[in-house]
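Residue numbers (our numbering): 126 to 523.
In what follows, a single structure is set out as structure tokens and then discussed.
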Ligand code: FEO
């Protein structure tokens, strides 16, 4: 069955929609709405293929491509990024067309050789290099750390399409292909989750690259990403949204993340939440049990927050494992311009709050106080004190 879809007279989508995908990067990133691996075939006087799809679908990809075109007609393969969700079908494809040149960045030569150990006909490209296809031309733009050192964008003149690979993408399965034919709410939920969990540490590079691309003043009819929808209606909306997200983004939100052994820390979390509303009735408060909720959804809510409260019971002189795990993610994501504090209940030694405080500081948060601790099951007095702590915290981060 042919699954390709025509975007324009010259450009056809030849990717794969993966409705079943529930996690990505192994088990590191949840994908509640599946994903897609978008690849594109350009037919001008010359024929170019931009990217492929993930390894499990390599045979299906090549079969579908063959139903679209005789593979021998492909003059150029463009690989914008070496990660295997986009390059994974290369071995299957290159077995059929082994001499076709592969245009990619110098860093992608390294990652592709590292993944596949093949000495294909690589043609390294730099920003500003072009490839004539006939009426149209491809212009390459290196995009290091969006999100790997090997990433690049490709701009197609004439059709005015920016192929952006992972940037501006979302893990979102859709047959509808375009942003204007999908739920705006759903695609933005997935786009911000993607940014928060993958691109946050590279925000400075994102800002620089966006300014560089916008300064080129290129007409853009579509932004064709490698995951999720193609931005066709008002395509630059996602570029402007990325500028916001890359600029130490925050909403008027306080996010509370906790885990609890016997519900003592949970009771404190809820008392703090009630106190926050007294301290600032306008602030949004979100509460997440780290042991029960999806870690990537929690990270998205930390990304949105101006301040974060993290709580754990003390166990074995340390933290509950879900909190330790979230804090490891938080450290790697290098959030900027966020405030925080710790809380928790304890029975004996009680190091939890101090440990979380240190982890927040190490992750670059401005810790606004020494935290809140209560021994054993918090009684009425302790819960009132937690509420007061929440009120003061909200006032201090206003
Ligand atoms: Fe979609 Fe970085 O791969």
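The beta carbon of each residue, even a glycine, is placed where N, CA and C say it ideally should be.
Practice item. Could you tell me the distance, in whole angstroms, from the CA atom of residue 181 to the CA atom of residue 213? Key: Between residue 181 and residue 213, the C-alpha separation is close to 8 Å.
Check your understanding: Can you list, in chain order, the residues of its chain whose CB lies under 8 Å from that of residue 358, leaving out five sequence neighbours each side?
Key -> Cβ within range, chain order: 303, 304 and 305.
Check your understanding: When the distance is taken between beta carbons, is residue 417 closer than 8 Å to residue 378?
Key -> no
**Study point:** Inter-stretch contact (C-beta, 8 Å, three-pair minimum) for the segment 218 to 231 and the segment 192 to 202
**Key:** yes
Check your understanding: Could you give the C-beta distance for residue 232 and residue 291, rounded to a whole number, given that I count them as a contact under 8 Å?
Key -> No, residue 232 and residue 291 are not in contact; Cβ-Cβ is about 14 Å, not under 8 Å.
Check your understanding: Which term fits residue 421, buried or exposed, when burial requires 16 or more other beta carbons within 10 angstroms of its beta carbon?
Key -> buried
Point to revise | Cβ-heavy atom distance, residue 193 to the ligand FEO, below 7 Å | key: no
Point to revise | Option in 486, 139 and 470 with minimal Cα separation from residue 383 | key: 470
**Study point:** Enclosing beta strand (DSSP E) for residue 411 [first to last residue]
**Key:** Unbroken beta strand (DSSP E) run through residue 411: 409 to 414.
Check your understanding: Under a Cβ-count criterion, where at least 16 other Cβ atoms within 10 Å of its own Cβ denotes burial, should residue 425 be classed as buried or exposed?
Key -> buried
Review point. From 149, 159, 192 and 184, pick the residue whose C-alpha is nearest to that of residue 137; which is it?
Key: 192
Exercise for review: Leaving out five residues on either side along the sequence, give the residues of the same chain with a beta carbon under 7 Å from the beta carbon of residue 407.
Suggested key: 377
Check your understanding: Can you find a heavy atom of the ligand FEO that lies under 7 Å from the Cβ of residue 217?
Key -> no
Review point. Mapping DSSP to helix, strand and coil, what is residue 201?
Key: strand
Review point. Near the ligand FEO, which residues have their beta-carbon closer than 5 Å to a heavy atom?
Key: 208, 210 and 291
Point to revise | Element boundaries [alpha helix (DSSP H), containing residue 453] | key: Run containing residue 453: 446 to 458, per the alpha helix (DSSP H) assignment.
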